[in-house]
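J.:
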Amino acid sequence: AAGVIQSPRHLIKEKRETATLKCYPIPRHDTVYWYQQGPGQDPQFLISFYEKMQSDKGSIPDRFSAQQFSDYHSELNMSSLELGDSALYFCASSAQRNNEQFFGPGTRLTVL
Amino acid sequence: KQEVTQIPAALSVPEGENLVLNCSFTDSAIYNLQWFRQDPGKGLTSLLLIQSSQREQTSGRLNASLDKSSGRSTLYIAASQPGDSATYLCAGGSSNTGKLIFGQGTTLQVKP
Numbered sequence: 001a002a003g004v005i006q007s008p009r010h011l012i013k014e015k016r017e018t019a020t021l022k023c024y025p026i027p028r029h030d031t032v033y034w035y036q037q038g039p040g041q042d043p044q045f046l047i048s049f050y051e052k053m054q055s056d057k058g059s060i061p062d063r064f065s066a067q068q069f070s071d072y073h074s075e076l077n078m079s080s081l082e083l084g085d086s087a088l089y090f091c092a093s094s095a096q097r098n099n100e101q102f103f104g105p106g107t108r109l110t111v112l
Numbered sequence: 001k002q003e004v005t006q007i008p009a010a011l012s013v014p015e016g017e018n019l020v021l022n023c024s025f026t027d028s029a030i031y032n033l034q035w036f037r038q039d040p041g042k043g044l045t046s047l048l049l050i051q052s053s054q055r056e057q058t059s060g061r062l063n064a065s066l067d068k069s070s071g072r073s074t075l076y077i078a079a080s081q082p083g084d085s086a087t088y089l090c091a092g093g094s095s096n097t098g099k100l101i102f103g104q105g106t107t108l109q110v111k112p
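Taken in order, these protein sequences are the chains called S and D. Take the numbering used here: the final residue in the first sequence is number 112, and no numbers are missing along the way. Take the numbering used here: the final residue in the second sequence is number 112, and no numbers are missing along the way.
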């Protein structure tokens, strides 16, 4: 069965650089969620989209932005990267809100 | 604001033992409760989803229950195996947008 695809899987950036993370949801899933998991921490909700519209926002810095495109894939754009942004970034998708969420393998971002 | 707590933080058991992982949440207006497994440095694998109208779900050797009135969920693992060793996370969906609030996880080690 098709799963959530995230790219790239690993990313190394310098401080103050920008990064773009991509997420391709499971086919026919209309809802995408982004989570950030720091070392030794539980995942924290960042932002979500339903039918290409932002539906909820969590503890996402103003330096970050995201959108969902017409083909339902989503991109998380991160600017002015800081050392503290180093984390695993997960994308999850579901068929409508409040249904089971399926997570991608994550993008490991390292900021040097 | 929804808060999710998991006890214990770590658990070590001999192979073949039945065990229970505990999850508590503060907001009884919960939409659903989802249990995940996470291997070190890996993504989250969905194990079971319990909707707010349900009391339990079963999948193979796993059984999860939900008691909204007491703010508790349990994950029961029967006949544990070394391959069950991982971190188990529970997450509550407490808004109509579906975002998940995670507990800190229980790290399980099953010894052969």
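Here a beta-carbon is modelled for each residue, glycine too, at the ideal position from N, C-alpha and C.
Quick check on P43/S: buried or exposed, where buried means 16 or more other Cβ atoms within 10 Å of its Cβ?
T.: Buried: at least 16 other Cβ atoms inside 10 Å.
J.: Report the neighbours of L49/D on chain S: residues whose CB is nearer than 7 Å to its CB, in chain order.
T.: Those are E100, listed as they occur along chain S.
J.: Could you name the residues of the same chain whose beta carbon sits closer than 8 Å to that of V13/D, not counting the 5 residues immediately before and after it, in chain order?
T.: These residues qualify, in order along the chain: L19, S80, L108, Q109, V110, K111.
J.: Where does N32/D land, buried or exposed, given buried means 16+ other C-beta within 10 angstroms?
T.: Buried.
J.: Consider the Cβ of S55/S: report whether some Cβ of chain D lies at a distance smaller than 9 Å.
T.: S55/S counts as touching chain D.
J.: So, with DSSP's three-state summary, where would you put L83/S?
T.: L83/S falls in the helix class under three-state DSSP.
J.: Take E17/S and list the residues in its own chain whose beta-carbon comes closer than 7 Å to its own, dropping the five residues that flank it on each side.
T.: Excluding sequence neighbours, E17/S sits near L81.
J.: When the distance is taken between beta carbons, is K52/S closer than 9 Å to Y33/S?
T.: Not closer than 9 Å, so no.
J.: Exposed or buried, which one is A19/S when buried takes at least 16 other CB atoms within 10 Å?
T.: Under this definition A19/S is a buried residue.
J.: May I have the straight-line CA-CA distance separating K1/D from G93/D, to the nearest angstrom?
T.: The alpha-carbon atoms of K1/D and G93/D are separated by roughly 12 Å.
J.: In the structure shown, what three-state DSSP assignment does P14/D receive?
T.: It is a strand residue.
J.: Going along chain D in order, which residues have a C-beta closer than 7 Å to the C-beta of F69/S?
T.: Going along chain D, no residue has its Cβ under 7 Å from F69/S, so there is no contact; the nearest lies around 19 Å.
J.: Which residue's Cα is closest to the Cα of S70/D: D27/D, Q54/D, L89/D?
T.: Residue D27/D is the option with its Cα nearest to S70/D.
J.: Going by DSSP, what residue range makes up the beta strand (DSSP E) through T74/D?
T.: T74/D -> beta strand (DSSP E) spans 72 to 77.
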